[in-house]
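A quick write-up on the structure given underneath.
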Amino acid sequence: MIIIEDLFTSQSYCQAPEPIEWDPLKEPDALHDTQLLDFRVSPTSNRAALLFDMRTASNYLAGNSALLVVRGLKSISWNAAPQRRELMAFSVMSSRPSVASDGGLLLELQLFPDGRHSMLGTRMEFYLLDSQGIPEAPPNYIGRTIRQVGNELPSWNSSCVVLQSVATEVE
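With my numbering, the residue at position 61 of the sequence shown is 1081, and numbering never jumps.
Structure (structure tokens):
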């Protein structure tokens, strides 16, 4: 077992016993219907990471969470309309990986409702995870606070098993 945060802060790639079935670093819309829970940026280590809830994912039968790590971070962008609810899930409607004109790896996400996120870097890693201690279904966010739903979601401190992984690097 490993802590999700450790995958983000590690200096090296954590190879899983099995390759990924749907490679979100190469296949458009592989992340369809996942929920973006959180992202972190570490200017000091020149990296960022996205934490996903995979329990609603269209393309992944195994795993309840995922982490996408970008190393050699060049840029990151978040754009979303303000929401009326205190809590809500941002569902991935479209994910588009590509090689940028400067040779970097670009991942663009279209989110529901009305959000966009993109990251550009020199290396990306994707980990499909089984986070321990969370229920099979995502929480109901309506009328609840982050503290109330926190134990029903994967978090940076969640213990997990890496089920599948993949890494892509600019050559």
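For every residue, glycine included, the Cβ atom is placed at its ideal position computed from N, Cα and C.
Note that the structure is a prediction, hence the values are computed from the model and not measured.
Quick one: Cα of L1126 to Cα of S1095, how far? Going from the Cα of L1126 to the Cα of S1095 covers about 9 Å.
Could you tell me the distance, in whole angstroms, from the CA atom of Q1055 to the CA atom of W1176? Distance from the CA atom of Q1055 to the CA atom of W1176, rounded to whole angstroms, is 15 Å.
Is D1053 helix, strand or coil by DSSP? D1053: coil per DSSP, three-state reduction.
Along the chain, where does the alpha helix (DSSP H) containing I1166 start, and where does it finish? Counting along the chain, the alpha helix (DSSP H) containing I1166 begins and ends at I1166 to V1169.
If P1174 and I1023 are in contact, beta carbons under 8 Å, what's the gap, nearest whole angstrom? Not confirmed; about 11 Å, so no contact.
H1137 and N1099 - do their beta-carbons sit closer together than 9 Å? Between N1099 and H1137, the C-beta spacing is below 9 Å.
Does the distance from the CB of E1172 to the CB of T1142 come in under 9 Å? In this structure, T1142 does not lie closer than 9 Å to E1172 by Cβ.
Can you look up D1134 in the DSSP assignment and give me helix, strand or coil? It is coil, neither helix nor strand.
Can you tell me where the alpha helix (DSSP H) holding L1148 begins and where it ends? Note, L1148: premise wrong, no alpha helix (DSSP H); beta strand (DSSP E) at R1143 to S1151.
May I have the straight-line CA-CA distance separating L1027 from C1034, to the nearest angstrom? The alpha-carbon separation between L1027 and C1034 amounts to approximately 7 Å.
Where DSSP assigns a beta bridge to R1091, which residues make up the other side? DSSP output for R1091 lists R1067 and R1143 as bridge partner(s).
Which residues bound the beta strand (DSSP E) around T1188? First-last of the beta strand (DSSP E) with T1188: S1179 to E1189.
Within 10 angstroms of the Cβ of M1108, are there 16 or more other Cβ atoms? Answer buried if so, exposed if not. Burial call: exposed.
Taking the DSSP output, what are the residues bridged to P1039? Bridge partners of P1039: S1185.
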